[in-house]
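Single-structure report; data block below.
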Amino acid sequence: MDRNRQIVRNPRRIGGILLVGIPLAFLAYFFAYPLGAILIKSLVVDNRLDLTPFADVFSRGTLRGAIWFTVWQATASMLLTVLVALPTAYVFAHYRFRGKNLMKAAITVPFVLPTVVVATAFLALLGPTGVVDLSGTVWLILIAHVFFNFAVVVRTVGGFWGNLDPRLEEAARMLGAGRWRAFRTVTLPLLRPALAAAGSIVFLFTFTSFGVILILGGLRFSTIEVEIYRQTITYLRLPLAAALAVIQLIGVTSILVGYSAFQRRRAIELSLRPSHEVARVPRTLRDRLVVSGVLIFTTLFLGTPLALLVARSLRTSTGFGFAAYRSLATQTSALFVPPVEAIRNSLLIAFAATLLAVTVGMMAAVIVAYRTGLFSRTFDVLLMLPLGTSAVTIGFGFLVALGKPIDLRTSPILLPIAHALVAIPFVVRTAVPVMRSVRQELRDAAAMLGATPARVWRRIDLPMISRAGLIGAGFAFAISLGEFGATSFLARPATPTLPVAIFRLLGRPGTFAQALALATILMVLTALSMFVIERFRFGDVGEF
Amino acid sequence: MLEVRGLTVSFEGEPFMHDINLTVLDGTVLAVLGPSGSGKSTLLRAIAGLEHPDTGSISWNGESLNGVAPHARGFGLMFQDYALFPHMSVGANVEFGVEGRPGAARRVTAVLERVGLAGYEHRGVGRLSGGEQQRVALARALAPEPRVLMLDEPVGSLDRSLRERIVPELRELFVRLQITAVYVTHDQEEAFTVADQMVILRDGTIVQTGTPEQVWSSPANAWVAGFLGFSNLIDVVVTAGVATTSWGSFAVPDLEDGHHRVVVRESAIEAGGPLHGEVSQRRFRGGHYQVTIKMSDGSLLEAELGEAPGTGEPLAFEIVPAGVVGLPDEA
C-alpha cells in the first residue's frame with residue numbers, strides 16, 4: 001500500500017514541477033522580460049535612473065490631452081454601457097421567452113468581434129458615407145464602445161440578477177415600497193458587486209482601447225494606447241513610448257487593485273436562487289411590452305451595424321454581388337500581397353496560438369484549481385496580469401526585448417506567442433471554475449463504487465476538463481483571429497493578418513469595399529469559433 | 545374582512561388554482577393547510593398582489609383590490625425563509641416598512657422588544673440563528689401594522705422543538721394584538737394550534753373549510769382523513785348501529801344503515817375485547833406503542849396501545865364508538 005503510493009507520488013512530483021515550471025517560464029520570458037525591457041528603456045540612460053521621458057510626456061500638450069481623453073472616454077463609455085445594457089440584463093434575468101438561449105449567444109458576438117471589424121462596421125453605419133455622419137465626434141467612439149461591451153454588462157449583471165432571490169424585492173413591496181423604491185433600496189445595493197465587476201471590466205477594456213480609437217478617432221481623438229503606437233511607429237520616439245506604456249500600466253494596475261479591494265469590502269452573504277426559479281414567462285400586458293420593447297431595441301442596436309457591414313460589402317456599382325470579395329485575390333497598393341493571403345496567415349497563426357494558449361493555460365489552470373494556499377493565489381493573480389496589460393505594450397515589449405538572446409522578432413512563431421499571451425487568461429478563467437465545480441462528493445462516490453484514483457480522474461475529472469479546454473480553445477482562436485494591438489507592431493508587411501490587412505485597406509482611398517469584405521469574412525470566422533464555445537459550454541459555469 | 549371569490553390562477557397556460565372562495569373575519573386567523581404543491585403559497589401571493597389571477601376577486605371590507613399594486617394593499621407577508629435584506633442591519637430591516645413615518649424608531653424598538661429581540665437593532669442579519677431570523681422577519685412584517693398579516697410556512701425551517709415552542713407563542717400574539725392573519729402550513733398540528741378557521745387545499749382546490757374542531761371530528765373525505773394522519777379507513781355495512789366487516793363487527797350508534805366508509809382513530813382501539821388479530825409490527829414511541837394489527841383477511845389496522853404483545857403474538861381488542869367517524873359518500 002505505502003509502496004504503491006510512493007510510486008504514484010514520484011512521477012507526480014516531476015509532473016508538478018513541469019506544471020508550475022512551464023507556465024511560469026512562459027510568462028517570465030514573454031511577459032515579465034519584455035515589460036522589464038520597456039521599463040529599462042524608459043527609465044535608464046547610461047546605467048543611471050533617468051525620469052526625463054516622463055517629464056517629456058507631461059510637457060507635451062497632445063500627450064497630456066491623450067491621457068485625459070483616455071480617462072474620461074473610459075468613464076463615459078462605462079457609464080453609458082451600464083445604462084444602455086441594464087434593461088436587457090433585467091429582461092434576460094427575469095423572463096423566459098422563446099429563443100432566449102440563441103439571443104444570449106447572439107448578444108455575445110459583438111464582444112468577441114475583432115475591434116477592427118466593429119470599427120469598420122461603425123464607419124459604414126455612422127461614417128462619412130453612413131446613415132448618419134458622426135465622424136469626427138466622440139459619439140462615434142462611445143457608441144462603438146457601448147456596442148462592444150454590451151454583453152459584459154448583460155452577462156455579468158444579468159447573470160447575478162437572475163440568481164437574486166426575487167422575494168427580497170417582493171418583501172420590500174409588501175412593506176409598502178413602490179417599484180422604484182424597492183429597486184433603489186433593495187435591488188440596486190444588492191446588484192452593486194455585479195455592477196462594479198461589469199463596470200471595471202468595461203472601464204479596463206475602454207481604457208486600453210486601441211483599434212476603435214485608431215480607426216474611428218481620426219487625428220482628433222487619441223488614447224495612451226494609440227499614442228504608444230504612434231510614438232513608436234510614426235515618430236520612432238521609443239523612450240517616450242516606453243514612458244507612456246509605464247503610465248498606462250500604472251493606471252491599469254490601480255484599477256485592478258482598487259477593484260479587488262472594493263470586492264473584498266463589499267462581500268455580502270446572499271441567498272442565491274437557481275435562475276430557473278427566478279425567470280418567468282411574461283404574463284401581464286406591461287410584462288409583454290417591456291420584454292418585446294427591450295428585445296427589439298437590443299436586436300436593432302447590436303444587429304444594425306453588423307447587418308450593414310455585410311450589406312455594404314455586397315454592394316457594387318450596379319447592385320449587389322461579390323465583386324468586392326473577388327477583388328480580394330488581386331494585389332492592391334495598400335498591401336504587399338493579395339488580401340486573400342491574410343486569411344491564410346490569420347488561420348495558421350490562430351491554430352498555433354490556440355495550441356500554445358491551451359497547453360500553457362490548462363497547465364496553469366490545474367495549479368490554480370487544485371492547489372490551495374498563497375502560492376496558488378499569487379499564481380492566479382500573475383496569470384491575470386496579461387489581461388490587464390495593453391496588447392500594444394506587449395507588442396512593443398516584444399519588439400524591444402526579444403532580439404536577445406535568441407532573435408525571435410523575425411520568427412513566424414512570434415505572433416502566435418503574443419496572441420497566446422493575450423488568450424491565456426481567458427483559457428485559465430474558463431477552465432478553473434469548471435475544474436473547481438467537480439464536487440468532491442462525485443469523486444468520493446466514484447471511489448466508493450470501486451474506482452481507483454486514476455479511474456476517478458479519467459472518468460470524472462477529465463471529461464469535464466476537456467470540455468473546458470475546448471471552450472478555452474474557442475476563445476483563444478477567436479482572440480488570435482481578431483488581435484490587433486500587438487499584431488500591429490509585430491506583423492511583417494509581407495505576412496499581414498486579417499485585422500492588419502483591414503486596417504491598411506481602410507487607410508487607403510478606394511479600397512473601402514475590400515475592407516468591408518475582409519471584415520465580413522473575419523466576423524464569420526470569429527462567429528464560428530464562438531459557436532463551438534456555445535456548443536460545449538455547460539450551464540453558466542465559467543467566467544466569460 | 546378579507547374576501548376571496550372565484551379566484552383562478554394559471555401558470556403558463558396551465559390552470560393551477562380553481563375557483564377559490566374564502567373569508568377571513570377581522571381579528572381571526574385562517575390557516576391554509578395542504579401538502580407541498582397544493583397551491584398554498586400561490587394563494588398567498590395572489591392575495592398579496594404578487595401573482596396575477598386569471599379571474600375572481602379579492603376584496604377588503606367590500607372594496608375590490610383587483611389592480612391594486614402589492615405595496616398599496618396594506619397587507620403584510622412573512623416569506624418562507626424570511627427574505628431578510630442581507631445588506632441591512634436588523635433595525636433597518638424592521639424599519640423598512642415604517643421608514644419616514646413619525647415615531648418609526650420607537651416603533652422598531654417596540655416591535656423588536658415584542659418578539660424578544662430587544663437591543664438587536666445594529667446586528668447584521670447574516671449572523672443570526674434560524675430562530676432569531678424568524679423573529680426578525682415577524683417583527684418586520686408586524687412593524688407597519690398591516691391590515692392582514694400573511695405568513696408562508698413561518699416556522700417551516702426551524703427544528704421541531706423550537707417549532708413546538710414558537711407556534712403557541714404566535715397564536716398568543718395574534719390573539720393579543722387582534723391580528724387578521726392568513727397562515728400557510730403543511731403541518732396539521734400547527735394549523736390546529738394557530739387557527740380560528742381553516743381551509744384544506746389539494747391540487748389548487750379547497751376540499752374542506754371549517755374550524756379546527758370540525759375538520760378534526762369530521763374529515764370531508766378519505767383524502768382529507770389520510771392527509772390528517774388517519775390511517776384506518778374501513779369499508780363497512782351498517783345494520784341497526786352495528787358495523788360489519790369481513791373480520792368482525794363493532795358498534796357505530798350514530799351511523800345510518802347501509803354501506804359506509806369510516807375512519808377508526810388509532811386511539812379508538814383498546815386492548816382486551818371481542819376482536820382478534822395478530823401483531824404484525826410493534827414500535828415503541830415513548831409512553832405508548834404504535835402497533836400494526838393484521839386481521840384475518842390480511843387487512844391492517846393501526847393502533848396506539850399502552851401495552852402490546854410482541855410481533856407475531858395474537859391480540860384481542862375492541863373499537864370504542866366515540867373514535868369512529870363516518871365519511872360522507874364521495875360523488
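These protein sequences, in sequence, are chains U and X.
FYI, in my numbering the residues of the first sequence are 1 to 544.
FYI, in my numbering the residues of the second sequence are 545 to 875.
By construction, the Cβ of each residue, glycine as well, lies at the ideal position given by its N, Cα and C atoms.
The structure presented is a predicted model; accordingly, all values stated were derived computationally and were not measured.
Legend entry - Listed by chain order, chain X residues near U/Ala93 by CB distance under 8 Å: Here the question's residue 93 of chain U lines up with position 93 in the first sequence. Near U/Ala93 there are no residues of chain X at all, since even the closest Cβ is about 17 Å away, more than 8 Å.
Inset, instruction - Using a cut-off of 9 Å between C-beta atoms, extract the partners of X/Arg684 located in chain B. - result: The chain labelled as chain B is not found among the protein chains of the depicted structure, namely U and X.
Inset, instruction - Provide the residue span of the alpha helix (DSSP H) that contains X/Thr783, from first to last. - result: Locating residue 783 of chain X in the second sequence gives position 239, where the first residue counts as 1. It is not in any alpha helix (DSSP H) - X/Thr783 instead sits in the beta strand (DSSP E) that spans 777-783.
Inset, instruction - Return yes when the Cβ of U/Phe92 is within less than 8 Å of the Cβ of U/Lys104, no when it is not. - result: Looking up residue 104 of chain U in the first sequence gives position 104. Looking up residue 92 of chain U in the first sequence gives position 92. Going by C-beta atoms, U/Lys104 is nearer than 8 Å to U/Phe92.
Inset, instruction - Could you tell me if U/Ile233 is buried or exposed, where buried requires 16 or more neighbouring beta carbons within 10 angstroms of its beta carbon? - result: The sequence position of residue 233 of chain U within the first sequence is 233, counting from 1. Exposed: under 16 other Cβ atoms inside 10 Å.
Legend entry - Secondary structure of X/Ala860, DSSP reduced to three states: Residue numbering aside, residue 860 of chain X sits at position 316 when the second sequence is read from its first letter. Correct three-state label for X/Ala860: strand.
Inset, instruction - Using alpha carbons as the reference points, say which of X/Leu819, X/Gly802, X/Thr552, X/Ile602 lies closest to X/Val568. - result: The residue given as residue 568 of chain X occupies position 24 in the second sequence. Ranking the options by Cα distance to X/Val568, first place goes to X/Ile602.
Legend entry - 8 Å CB neighbourhood of X/Ile750 in its chain, flanking five on each side removed: Within the second sequence, residue 750 of chain X is the residue found at index 206, counting from 1. For X/Ile750, where only same-chain residues beyond five positions count, the Cβ hits under 8 Å are Ile564, Asn565, Leu566, Val743, Ile744.
Legend entry - Cα-Cα separation between X/Ala649 and X/Glu639, rounded to whole angstroms: What you label residue 649 of chain X is simply residue 105 of the second sequence in a count that begins at 1. What you label residue 639 of chain X is simply residue 95 of the second sequence in a count that begins at 1. Computed Cα separation, rounded: 7 Å.
Legend entry - Inter-stretch contact at 8 Å, needing at least 3 Cβ pairs: the region 125-141 of chain U / the region 168-177 of chain U: no
Inset, instruction - Decide if U/Val154 is buried, meaning its Cβ has at least 16 other Cβ atoms within 10 Å, or exposed. - result: As a first step, residue 154 of chain U is located in the first sequence; it is residue number 154 there, counting from the start. Label assigned to U/Val154: buried.
Legend entry - Cβ contact check for the region 377-386 of chain U and the region 198-207 of chain U: 3 or more pairs under 8 Å: no
Legend entry - Interface residues of the region 14-37 of chain U facing chain X [CB-CB below 8 Å]: none
Inset, instruction - Would you mind sorting U/Phe531 into buried or exposed? The rule is 16 or more other CB atoms within 10 Å of its CB. - result: As a working mapping, residue 531 of chain U is identified with position 531 in the first sequence. The residue in question, U/Phe531, is exposed, as its Cβ has fewer than 16 Cβ neighbours within 10 Å.
Inset, instruction - Flag this pair as yes or no: are the beta carbons of X/Ala687 and X/Tyr626 separated by less than 8 Å? - result: In the second sequence, residue 687 of chain X corresponds to position 143, counting from 1. In the second sequence, residue 626 of chain X corresponds to position 82, counting from 1. Not closer than 8 Å, so no.
Inset, instruction - Pull up the distance between the alpha-carbon of X/Pro712 and that of X/Leu706, whole angstroms please. - result: Here residue 712 of chain X refers to the residue found at position 168 of the second sequence. Here residue 706 of chain X refers to the residue found at position 162 of the second sequence. For X/Pro712 and X/Leu706, the distance between alpha carbons rounds to 11 Å.
Inset, instruction - Using a Cβ-Cβ cut-off of 8 Å, state whether U/Gly178 counts as contacting chain X. - result: Translated into the one-based positions of the first sequence, residue 178 of chain U becomes position 178. Yes, U/Gly178 counts as interfacial toward chain X.
Legend entry - Assigned exposure category for X/Trp604 - 16 Cβ within 10 Å defines buried: As a first step, residue 604 of chain X must be located in the second sequence, where it is residue number 60. Label assigned to X/Trp604: buried.
Legend entry - Beta-carbon gap between U/Ser222 and U/Ala119 smaller than 8 Å: Against the first sequence, residue 222 of chain U aligns to sequence position 222. Against the first sequence, residue 119 of chain U aligns to sequence position 119. No, the Cβ-Cβ distance between U/Ser222 and U/Ala119 is not below 8 Å.
Inset, instruction - Using a Cβ cut-off of 8 Å (strictly closer), state whether X/Glu556 contacts chain U. - result: The sequence position of residue 556 of chain X within the second sequence is 12, counting from 1. By this cut-off, X/Glu556 is an interface position.
Inset, instruction - Could you tell me whether the region 50-62 of chain U touches the region 172-185 of chain U, where touching means 3 or more Cβ pairs closer than 8 Å? - result: no
Legend entry - Any chain X beta carbon closer than 8 Å to U/Pro305: Here residue 305 of chain U corresponds to residue number 305 of the first sequence, with the count starting at 1. False, the Cβ-Cβ gap to chain X never drops below 8 Å.
Inset, instruction - Could you tell me if X/Pro858 is buried or exposed, where buried requires 16 or more neighbouring beta carbons within 10 angstroms of its beta carbon? - result: Locating residue 858 of chain X in the second sequence gives position 314, where the first residue counts as 1. The residue is exposed, with fewer than 16 neighbouring Cβ atoms inside 10 Å.
Legend entry - Where U/Leu408 sits in the DSSP three-state scheme: In the first sequence, residue 408 of chain U corresponds to position 408, counting from 1. The answer is coil: DSSP assigns U/Leu408 none of H, G, I, E or B.
Legend entry - Closer than 8 Å to chain U by CB, X/Phe623: Counted from its first residue, the second sequence places residue 623 of chain X at position 79. With 8 Å as the cut-off, X/Phe623 counts as an interface residue toward chain U.
Inset, instruction - Mind checking which residues open and close the beta strand (DSSP E) that includes X/Gln825? - result: Position 281 of the second sequence, counting from 1, holds the residue named residue 825 of chain X. Its beta strand (DSSP E) spans residues 813-828.
Legend entry - X/Phe861: contacting residues in chain U (beta-carbon distance under 8 Å): Along the second sequence, read from residue 1 onward, the residue named residue 861 of chain X stands at position 317. Neighbours of X/Phe861 on chain U: none; closest Cβ ~47 Å, over 8 Å.
Inset, instruction - Classify X/Ala787 as helix, strand or coil using the three-state DSSP reduction. - result: Looking up residue 787 of chain X in the second sequence gives position 243. Three-state DSSP puts X/Ala787 in a strand.
Legend entry - Host alpha helix (DSSP H) of U/Ala423 (start-end): Within the first sequence, residue 423 of chain U is the residue found at index 423, counting from 1. Segment 414-437, the alpha helix (DSSP H) holding U/Ala423.
Inset, instruction - Compare the C-alpha of U/Phe322 against each of U/Ala468, U/Leu516, U/Trp68 and name the closest. - result: What you label residue 322 of chain U is simply residue 322 of the first sequence in a count that begins at 1. Nearest C-alpha to U/Phe322: U/Leu516.
Inset, instruction - Grab me the residues of U/Arg5's own chain with a C-beta within less than 8 Å of its C-beta, minus the 5 sequence neighbours each way, in chain order. - result: Within the first sequence, numbered from 1, the residue matching residue 5 of chain U stands at position 5. Low confidence applies here, because U/Arg5 scores a pLDDT of 36, under 50, leaving its location unreliable; read the following figure in that light. Closer than 8 Å at Cβ, skipping near neighbours: no residue.
Legend entry - Residues that U/Leu285 contacts on chain X, provided the C-beta gap is smaller than 8 Å: As a working note, residue 285 of chain U is residue 285 in the first sequence. By Cβ distance, chain X contributes nothing, its closest Cβ being about 10 Å from U/Leu285, past 8 Å.
Inset, instruction - May I ask you to list, following chain order, the residues of the region 114-141 of chain U that have a beta carbon less than 7 Å from some beta carbon of chain X? - result: none
Legend entry - Inter-residue spacing [alpha-carbon to alpha-carbon] between U/Ala194 and X/Glu547: Within the first sequence, residue 194 of chain U is the residue found at index 194, counting from 1. Within the second sequence, residue 547 of chain X is the residue found at index 3, counting from 1. Cα-Cα distance, rounded: 43 Å.
Legend entry - Residues sharing a beta bridge with X/Gly641, DSSP: Stepping through the second sequence from its first residue, residue 641 of chain X is reached at position 97. DSSP, once it has assigned bridges, lists no residue as partnering X/Gly641.
Legend entry - Limits of the alpha helix (DSSP H) - the one that U/Ala182 falls within: Start at 1 with the first residue of the first sequence, and residue 182 of chain U comes out as number 182. Unbroken alpha helix (DSSP H) run through U/Ala182: 179-182.
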